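*Asks:* Oh and the sequence shown: position 136 is 136 in my numbering, straight run, nothing missing. Beta carbons: idealized from backbone N, C-alpha and C, even for Gly. This structure is a prediction, so every number in the text was calculated from the model and none was measured. First the structure, which I've put down as structure tokens, then a few questions once you've had a look.
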Amino acid sequence: MKKTVVLYPGVGVGHLVPMVEVAKLFIKHGQSVIVAVVDPQVESTDFSDAVVRARASNPSVAFHVLPPPPADSNSDSAPTHPVVQIFRLLKAMNAPLLDFLRSLPSVDALVLDMFCVDAQDVASELGLPVYYFYASAAADLALFLNLPSKLAGVKAKIKELGDSVIKFPGVPPFKATDLPEVMHNDEVLKAILGMFDRMPDSDGILINSVESLETRAVRALKDGLCVPGRATPPVYCIGPLVSGGGGKEHECLRWLDAQPDQSVVFLSFGSMGTFPVKQLQEIATGLEKSGQRFLWVVRSPRNPDYKYGDSLPEPDLDALMPEGFLERTKGRGLVVKSWAPQVEVLRHRATGAFMTHCGWNSTLEGITAGLPLLCWPLYAEQRVNKVHIVEGMKLGVEMRGYNEELVKGVEVEEKVRWVMASEGGNALRERVTAAKVAAAEALKEGGSSYLAFVQFLNDMGTSIVATVSELT
Ligand code: UDP
């Protein structure tokens with residue numbers, strides 16, 4: 001039977017973009033979906049732009065913009081951390097979400113982004129099955145599901161755990177300092193642990209990953225080793241779901257057309273990555289000295305009174321870059337202001353490596369383009385992603401200085417030269433190419449991710465007779 005499923009991506013560009021890809025997967029398998037989005041007016045300009053782009057480039061996907069929450073429902077205006085504000089906003093959005101679901105002629109299931117954990121109450125109220133789409137690595141899920149019970153017995157705050165090494169099933173050993181820095185804040189920690197404590201109560205978790213990329217973590221999840229003392233819901237690796245791009249033609253793509261094959265290192269740091277002027281100048285110096293071609297997305301530095309959601313002005317490159325840098329690197333390098341069509345850039349034949357902040361979408365986009373990753377984690381779960389990429393999957397190398405005050409120009413120079421023009425860099429590129437091929441196979445009919453999604457639909461009670469036979 002055909003199902004109607006409501007997908008609820010919550011907020012954040014990196015959460016919306018892959019959820020739209022999930023929507024397309026449901027449609028491809030003959031199901032009906034609606035993506036319910038939080039009114040971009042109550043979120044950030046970046047999110048607002050992302051909603052516009054997602055709608056414009058995915059005409060087959062039905063979107064519904066939820067109205068803002070009732071004024072009195074989000075009235076706890078005590079100043080708090082932006083991450084806690086997001087949880088509060090999403091909790092307050094339960095009322096408009098419930099109204100919307102009730103207004104539909106039929107709805108069979110709710111698929112939530114992890115931050116929308118409070119919407120489990122909405123699903124309960126309506127008696128709907130509830131699933132998650134986890135838009136990060138399987139290894140992250142294995143790690144974070146373990147964390148509530150691990151920390152329950154530890155009196156020390158995460159900050160006080162310092163460099164101590166944590167070992168969880170399926171995950172390379174990592175340091176407590178690799179956990180998201182926002183978790184040093186008590187309120188944020190409580191909210192995040194609460195989120196992962198509740199997730200196992202769902203009916204299943206879809207993961208934007210590929211089994212072959214994360215065999216150990218997926219095994220640990222499936223063997224129930226990640227939620228001590230409780231059952232783990234079924235997990236389904238259905239990725240890599242990567243947006244097809246399709247944005248407006250951008251000048252940087254024309255520039256890439258004029259460059260030799262695999263000759264350009266692309267530097268981009270997610271939808272929120274910014275650097276102080278001093279760091280930008282170190283990067284510029286390193287790129288210049290490397291002698292390699294580069295394409296670099298630069299955002300304006302945040303000033304001290306920046307608040308989450310504020311839009312950043314266009315960067316003034318003449319003021320930010322070292323004197324004469326743009327002139328001297330003209331032709332060999334291009335600096336793009338604020339935003340580039342990343343997926344198209346990564347897939348361009350001229351791009352040869354990717355310096356990334358290790359956001360999970362960027363990671364998958366780099367791997368599926370077959371590019372070696374230079375890992376420079378900045379915020380959120382990116383430090384643990386870096387551990388998975390470098391230690392687990394072995395598809396990247398770290399920028400050492402991410403853990404210090406600055407990544408020095410000399411490291412940028414060395415790593416860029418290494419990845420673009422050394423045997424080690426070539427060997428890394430070959431490993432990523434193999435991962436790219438395996439990921440493409442997984443998505444094909446009969447591949448592991450394809451079958452995982454069919455299994456999920458089957459478990460949901462959807463009869464898709466033609467494909468179910470492939471499972472046996
Ligand atoms: N992105 C882009 N152009 C940019 C910066 C980011 O298209 O200049 C896209 C990128 O392709 C990815 C998303 O924004 O799909 C960022 O998601 P990710 O999970 O990598 O990082 P986040 O922004 O959530 O930290």
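Confirm the yes/no value for this check: CB of residue 296, any heavy atom of the ligand UDP, distance under 7 Å.
*Replies:* Here residue 296 corresponds to residue number 296 of the sequence shown, with the count starting at 1. Outside the cutoff, so no.
*Asks:* What span of residues does the alpha helix (DSSP H) with residue 429 cover, start to end?
*Replies:* Against the sequence shown, residue 429 aligns to sequence position 429. Residues 423-443.
*Asks:* Contact defined as beta carbons within less than 8 Å: I believe residue 264 pairs with residue 240. What is the distance between those atoms, to the nearest angstrom?
*Replies:* Residue numbering aside, residue 264 sits at position 264 when the sequence shown is read from its first letter. Residue numbering aside, residue 240 sits at position 240 when the sequence shown is read from its first letter. That pair is no contact at about 22 Å.
*Asks:* Going by Cα to Cα distance, which pick from 414, 292, 436 and 59 is closest to residue 368?
*Replies:* Residue numbering aside, residue 368 sits at position 368 when the sequence shown is read from its first letter. The candidate whose alpha carbon is nearest that of residue 368 is 436.
*Asks:* Shortest alpha-carbon distance to residue 139 belongs to which of 461, 167, 362 and 267?
*Replies:* As a working note, residue 139 is residue 139 in the sequence shown. Selected option, being the one with the closest Cα: 167.
*Asks:* What residues match up with residue 4 in a beta bridge as DSSP calls it?
*Replies:* The sequence position of residue 4 within the sequence shown is 4, counting from 1. According to DSSP, residue 4 bridges with 32.
*Asks:* Report back the beta-carbon spacing between residue 36 and residue 16 to the nearest angstrom; my notes put them in contact at under 8 Å.
*Replies:* Position 36 of the sequence shown, counted from the first residue, corresponds to residue 36. Position 16 of the sequence shown, counted from the first residue, corresponds to residue 16. In fact, because the Cβ distance is near 11 Å, the residues do not count as touching under 8 Å.
*Asks:* Which residue or residues does DSSP assign as beta-bridge partners of residue 204?
*Replies:* Within the sequence shown, numbered from 1, the residue matching residue 204 stands at position 204. Paired residues: 131.
*Asks:* In the DSSP assignment, the alpha helix (DSSP H) including residue 390 goes from what residue to what residue?
*Replies:* Locating residue 390 in the sequence shown gives position 390, counting from the first residue. Counting along the chain, residue 390 falls outside any alpha helix (DSSP H), and DSSP gives it neither H nor E.
*Asks:* Just mark residue 372 as buried or exposed, buried being the case when its beta carbon has 16 or more other beta carbons within 10 Å.
*Replies:* Indexing the sequence shown from 1 puts residue 372 at position 372. Buried is the call here.
*Asks:* Using 7 Å as the cut-off, classify the Cβ of residue 19 as near or not near the heavy atoms of the ligand UDP, replying yes or no.
*Replies:* Residue numbering aside, residue 19 sits at position 19 when the sequence shown is read from its first letter. Answer for residue 19: no, Cβ out of range of the ligand UDP.
*Asks:* Contact between the region 205-220 and the region 403-421 is defined here as three or more beta-carbon pairs at a separation below 8 Å; is this criterion met?
*Replies:* No: fewer than three Cβ pairs fall under 8 Å.
*Asks:* For the region 139-227, list the beta strand (DSSP E) runs that are entirely contained and at least 3 residues long, ordered along the chain.
*Replies:* Segments of the beta strand (DSSP E) lying fully in the region 139-227: 204-207.
*Asks:* Going by DSSP, what residues sit across from residue 113 in a beta bridge?
*Replies:* By 1-based counting over the sequence shown, the position of residue 113 is 113. According to DSSP, which records beta bridges pairwise, residue 113 is partnered with 133.
*Asks:* Which one or two residues does DSSP pair with residue 355 in a beta bridge?
*Replies:* Sequence index remark: in the sequence shown, residue 355 carries index 355 (1-based). Bridge partners of residue 355: 267 and 374.
*Asks:* Which stretch, first to last residue, makes up the alpha helix (DSSP H) that contains residue 454?
*Replies:* Sequence index remark: in the sequence shown, residue 454 carries index 454 (1-based). 448-460 is the extent of the alpha helix (DSSP H) around residue 454.
*Asks:* How is the alpha helix (DSSP H) around residue 104 delimited, first residue to last?
*Replies:* Indexing the sequence shown from 1 puts residue 104 at position 104. Unbroken run through residue 104: none, as it is neither H nor E.
*Asks:* Short of 7 Å in beta carbon distance, which residues of its chain neighbour residue 277, apart from the five on each side in sequence? Order them along the chain.
*Replies:* As a first step, residue 277 must be located in the sequence shown, where it is residue number 277. These residues qualify, in order along the chain: 301 and 320.
*Asks:* Under the criterion of a Cβ to heavy atom distance below 7 Å, does residue 361 qualify as lining the ligand UDP?
*Replies:* By one-based count along the sequence shown, residue 361 stands at place 361. Yes - the ligand UDP has a heavy atom lying nearer than 7 Å to the Cβ of residue 361.
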